[in-house]
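According to the UniProt record's numbering, the sequence shown holds residues 1 to 202 in order.
No residue lacks a Cβ here, since even glycine has one placed at the ideal position from N, Cα and C.
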Amino acid sequence: MGKKKRDSVLLFNSISHIYGLFYKIQKKRFKDVIEIVKKELDIREFKTILDVGCGTGALCSVLNDMGLKVTGVDPAEKMLNIAREKPENKTVSFAKANILERLPFEDKLFEASIASYVAHGMGQEERKLMYAEMSRVTKSKVIIYDYNEKRSLPTTIIEWLEGGDYFNFIKNAESEMRECFSDVKTVYVGVRATWYICTPKA
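Have a look at this one:
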């Protein structure tokens with residue numbers, strides 16, 4: 001694991017308790033977004049789903065409540081500990097794993113996979129690695145839930161301070177994904193948020 005990746009894991013381990021405070025708010029937002037996007041993609045039609053960069057497990061919990069068999073992966077152990085401690089996540093499988101390395105799952109194991117606000121924090125080559133690995137383990141749809149081109153000033157400042165690749169991501173998100181997937185559909189789920197619904201290449 002490179003220094004940048006180690007630093008990122010250390011950061012998320014150190015702020016895991018702060019993320020934990022927003023668990024209920026995140027759950028409500030995820031429920032609302034899934035309802036918004038239902039006409040384009042009803043996620044409840046899938047049986048199995050992988051949540052990449054699951055953090056404290058808020059999205060995993062929502063998907064589990066909807067009857068899906070859910071697996072969440074994250075490289076930050078302290079994030080996963082919070083996720084595992086939630087009573088509603090008893091039937092969710094959590095694993096410490098980094099999407100930039102080969103995940104411990106066989107090809108096409110999941111019907112769908114989703115990464116929520118993960119892509120924008122990566123460099124271009126890292127994103128392509130993530131897209132490829134999500135495609136490898138996914139049969140039907142890869143969902144990238146992240147920012148769109150309508151950025152706000154506060155987000156711009158925060159992302160600049162964090163030093164990620166936010167600006168390149170939002171400028172090239174769809175065209176970059178089209179290089180990695182056979183089809184990409186964009187669905188706006190908020191003023192500055194989009195579901196990029198991607199079909200893995202055969």
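Q) Does the Cβ-Cβ distance between residue 181 and residue 137 come in under 8 Å? A) No, Cβ-Cβ distance for residue 181 and residue 137 is not below 8 Å.
Q) Are there 16 or more other CB atoms within 10 angstroms of the CB of residue 52, so buried, or fewer, so exposed? A) buried
Q | Limits of the unbroken alpha helix (DSSP H) element including residue 198 | A | No alpha helix (DSSP H) contains residue 198, which is instead part of the beta strand (DSSP E) from 193-199.
**Q.** C-beta atoms of residue 86 and residue 61 nearer than 8 Å
**A.** The answer is yes: Cβ separation under 8 Å.
Q) Mind checking residue 196: buried by the 16 CB within 10 Å criterion, or exposed? A) buried
Q. Buried or exposed: where does residue 169 fall if 16 or more other Cβ atoms within 10 Å of its Cβ makes it buried?
A. buried
Q) Does the beta-carbon distance from residue 134 to residue 119 come in below 8 Å? A) In this structure, residue 134 lies away from residue 119, with their beta-carbon atoms at least 8 Å apart.
**Q.** For residue 167, three-class secondary structure by DSSP
**A.** helix
Q: Express the C-alpha separation of residue 55 and residue 193 in angstroms, rounding to a whole number.
A: 19 Å
Q. When the Cα of residue 71 is compared with those of 103, 191, 202, 26, which residue comes out closest?
A. Per the Cα distances, 103.
**Q.** Sequence ranges, beta strand (DSSP E) only - wholly within the UniProt domain "Methyltransferase" (49-140), length at least 3
**A.** Counting only runs that start and end inside the UniProt domain "Methyltransferase" (49-140), the beta strand (DSSP E) elements of at least 3 residues fall at 69-74, 93-96, 110-116.
Q. Between the Cα of residue 35 and the Cα atoms of 79, 198, 188, which residue gives the shortest distance?
A. 188
Q: Between the Cα of residue 82 and those of 100, 58, 63, 66, spot the shortest distance and give me the residue it belongs to.
A: 58
Q) DSSP three-state call for residue 24: helix, strand or coil? A) helix
Q | residue 79 to residue 129 span [Cα, whole Å] | A | Cα atoms of residue 79 and residue 129: separation of roughly 22 Å, rounded to the nearest angstrom.
Q: Could you tell me the boundaries of the beta strand (DSSP E) in which residue 37 lies?
A: It is not in any beta strand (DSSP E) - residue 37 carries neither H nor E in the DSSP assignment.
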